[in-house]
Amino acid sequence: MATAMQQSPYRGGSGYVARSSSSGLYDVLELILDKGLVIDVFVRVSLIGIEILTVDARIVIASVDTYLRFAEAVNRLDLMSTETQGLPELMEGITEGGSASKTKGVLQGAREAIFGDDDEDDDDEKSGSRRRSSSSGSTTRRKRSSSS
Amino acid sequence: MSPAGAKTAKYVYGVVRPARAKPKGKGIDGKPLRVVTADGIGALTSEVPDAPLEAGRDELMTHARVLERALEHGAVLPMQFGVVLPDDDAIREQLLAPHKPELEAQLQEMDGKGELNVKAIYDEPAILREVLAEDSEIASLRKTIQSQPEDATYYERIRLGELVAAALEAKRERDEHLIITQLAPAAVAMEVAGPIHERMVVNASFLVEEERVQEFEDLLEDLAAEQHPRIGFKLTGPLPPHSFVELSVEA
C-alpha cells in the first residue's frame, strides 16, 4: 500500500535497545556501500576515497596478536567485580565500531578506518596479520576500488 | 547540458514509482532531485559533474537521506552508492527499460515494508567471565599464567587466547542463531551479514511490514531485556530495503 515508513523516533531512556540517531552514518554505511541495486557494466564513476571509507574491521581471531590480546583481557579480568559496562558506553562502542570502547584489550585490534585518512597506512601494515572472515562484504569493496 | 557548458552526468539514488515520488530536498552537492521516468517507473536522480565522484561523508549521508525521505512516499529500491550514468536517456535505456519487469515486481514487493538492521554486541567483561566460568581448561590455564612472570608464559598466553577465541566463536554462533530465530517470525525476509568486529554477535537486516514494525521492536526489546547485560542491541530503521533488492546481471 501507499505507505509512509518513517524513522521511529529515538526511544530515549526506556528499554534496552539503542536506537540509531539520525546522524548515524556508521549504521548505514555498510548497507549503502555493499547493498542495493547495481548496474555493473555501465558507467560507474570511479570513487575517489572509497578505500579510506572501507569498513575493514573484519579481523580474524586466528592470529598470535589476537590470541595475546584475548589472553591479556582474560588475565586482567577482575572476577570479583560484578560491575558491567553501562549501556550508553556500550552503544558508543558500537557506533565507533569498537575502537573507542573504554575496555581496552580484545578490542584494540578492531579498527575501522571510517573517514580517517591517518588510519590508512596503519591498516595496510596490519593487514598482514588479518584474515577476512567468511563474510563477503569487503571483497566487494576491494573489487570495486581496484576496478575503478 | 548545464548552461556553463561543463559536462554533467546523472547520479542515481534509487528506483521509485513516479506517480508517488515527491522529490523534496537536495541531492549531492545541493543539486535538486529529479525523477527520470520511463513507462511507469522512475529513477530518483540529481546532476553531478562528469568526473570521478567524491565518496566523502557528505555524499554518503546525502545518498542515505535522499532514500530515507523517498521511503516516506512509498516503496523505493535503493541503488548502491556510486551509480552514475551519462544522462537521462542512458538511465532509461540502460536501467529502467531493460529491467522494467523485475523493478516493477520489486516495487510491488517492497510496498509498505522497510529494512530493520540489528546489531548485537557482547559486553566484553561479562562475556569473558562467562567463558571463564564455563571452561575449566581456560580457568586453570589462566591461574597457571597468573602465578608466573609474564616473560615465562608467552606460549601459554597464546594458548589461552586461542582457547578463549574458540570459546567465544562457539558462543557467538549459538547466540546469533538464538537471536535471529527469535526475530525472524516478525519479518518477511532476513539477510545475515555477519559480524564486523570481534565482539559483534549479530549483524543482520530484516525486511518488516510497516504494521509489524512494532511487533518486531517488541520482540527485540524482550530479547535485549533477557540478554542484558551480556549483549547490547542496536536497531536502525526502518530504512529503504538496501539488503533486499537486486538486479539480474544480464538484460
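Quick note, the sequences are listed as chains A and B, same order. The numbering of the first sequence is my numbering, which starts it at 68 and goes up by one. The numbering of the second sequence is my numbering, which starts it at 8 and goes up by one. Note that CB positions come from ideal geometry on N, CA and C, so glycine has one too.
For chain A, find out if any of its Cβ atoms is closer than 8 Å to the Cβ of residue i; answer yes or no.
i, result
"B:Met86", "yes"
"B:Phe223", "no"
"B:Gln153", "yes"
"B:Ile165", "yes"
"B:Leu197", "Just to set this straight, residue 197 of chain B is Met in the shown sequence, not Leu. For B:Met197, the answer is no, since every Cβ of chain A falls outside 8 Å of its Cβ."
"B:Val22", "yes"
"B:Glu169", "yes"
"B:Ala159", "no"
"B:His249", "yes"
"B:Thr243", "yes"
"B:His184", "no"
"B:Gly32", "no"
"B:Val90", "yes"
"B:Gly239", "yes"
"B:Arg64", "yes"
"B:Lys29", "no"
"B:Ala231", "yes"
"B:Ala13", "no"
"B:Gly246", "Going by the sequence as given, residue 246 of chain B is Leu instead of Gly. Output row for B:Leu246: interface = yes."
"B:Ala50", "no"
"B:Ala200", "yes"
"B:Ala172", "yes"
"B:Pro25", "no"
For residue i, which residues in chain A fall below 8 Å Cβ to Cβ?
i, result
"B:Phe213", "Ordered by position in chain A, no residue passes the 8 Å Cβ test against B:Phe213, which lies about 13 Å from the chain."
"B:Lys178", "Those do not exist, as B:Lys178 stays about 12 Å from chain A at its closest Cβ, beyond 8 Å."
In this structure, what does DSSP give as the bridge partners for residue i?
i, result
"B:Met207", "B:Ile128"
"B:Glu122", "B:Leu214, B:Leu246"
"B:Ser53", "B:Tyr18"
"B:Thr44", "B:Gly49"
"B:Gly239", "B:Ile128"
"B:Leu92", "B:Lys17"
"B:Glu198", "B:Ser212"
"B:Arg72", "Partner(s): none; B:Arg72 has no beta bridge."
"B:Lys33", "B:Pro39"
"B:Arg27", "Answer is none; B:Arg27 lacks a bridge partner."
"B:Val83", "B:Val23"
"A:Asp104", "Sequence inspection shows Leu at residue 104 of chain A; the Asp mentioned does not correspond to that position. BP columns for A:Leu104 point to B:Met86."
"B:Val171", "Per DSSP, none; premise fails for B:Val171."
"A:Arg86", "B:Leu242"
At a Cβ threshold of 8 Å, is residue i touching chain B?
i, result
"A:Arg86", "yes"
"A:Tyr83", "yes"
"A:Glu159", "Any reading at A:Glu159 must be qualified, since the residue scores a pLDDT of 42, below 50, and its modelled position is unreliable; the value itself is stated next. No, A:Glu159 does not count as interfacial toward chain B."
"A:Arg125", "For A:Arg125, the pLDDT reaches just 44, beneath the cut-off of 50, and the residue's location in the model is therefore unreliable, leaving the point undetermined."
"A:Val110", "In this prediction, A:Val110 scores a pLDDT of 47, lower than 50, which makes its location untrustworthy; no coordinate-derived value is stated."
For residue i, which residues in chain A fall below 7 Å Cβ to Cβ?
i, result
"B:Gly47", "Going along chain A, no residue has its Cβ under 7 Å from B:Gly47, so there is no contact; the nearest lies around 15 Å."
"B:Val252", "Gly103, Leu104"
"B:Glu228", "Gly82, Tyr83, Val84"
"B:Gln189", "Going along chain A, no residue has its Cβ under 7 Å from B:Gln189, so there is no contact; the nearest lies around 13 Å."
"B:Leu102", "Ile106"
Is it buried or exposed, residue i, if we count other Cβ atoms within 10 angstroms and call 16 or more buried?
i, result
"B:Ala26", "exposed"
"B:Thr188", "exposed"
"B:His70", "buried"
"B:Lys31", "exposed"
"B:Asp229", "exposed"
"A:Leu157", "With a pLDDT of only 40 at A:Leu157, under the threshold of 50, the placement of this residue in the model should not be trusted; the figure read from the coordinates follows. Classification of A:Leu157: buried, given that the 10 Å Cβ count is 16 or more."
"B:Thr243", "buried"
"B:Pro59", "exposed"
"B:Asp65", "exposed"
"A:Gly195", "Because the pLDDT at A:Gly195 is just 36, under 50, the model does not fix this residue reliably, and the value given afterwards should be weighed accordingly. With fewer than 16 other Cβ atoms within 10 Å, it is exposed."
"B:Gly21", "buried"
"A:Val131", "exposed"
"A:Arg86", "buried"
"B:Thr52", "buried"
"B:Gly7", "In the structure displayed, chain B extends from 8 to 258; residue 7 of chain B sits before or after that span and is not available."
"B:Ala174", "buried"
"B:Thr160", "buried"
"A:Thr133", "buried"
"B:His106", "buried"
"B:Gln87", "buried"
"A:Asp94", "buried"
Name the chain A residues whose beta carbon is nearer than 9 Å to that of residue i?
i, result
"B:Leu67", "Leu92, Val95, Leu96, Ile99, Leu100, Leu120"
"B:Ala71", "Leu92, Val95, Leu96, Leu98, Ile99"
- [ ] Using a Cβ-Cβ cut-off of less than 7 Å, list which residues of the region 104-135 of chain B approach chain A; keep chain order.
- [x] Answer set for the region 104-135 of chain B: Asp118, Gly119, Gly121, Asn124, Lys126, Ile128, Asp130, Glu131, Pro132, Ala133, Leu135.
Open item on the list: Can you pull out the residues from the region 137-150 of chain B whose beta carbon lies closer than 8 Å to at least one beta carbon of chain A?
Closed with: Going along the region 137-150 of chain B in chain order, one finds Val138, Leu139, Ile145, Arg149 with a Cβ nearer than 8 Å to chain A.
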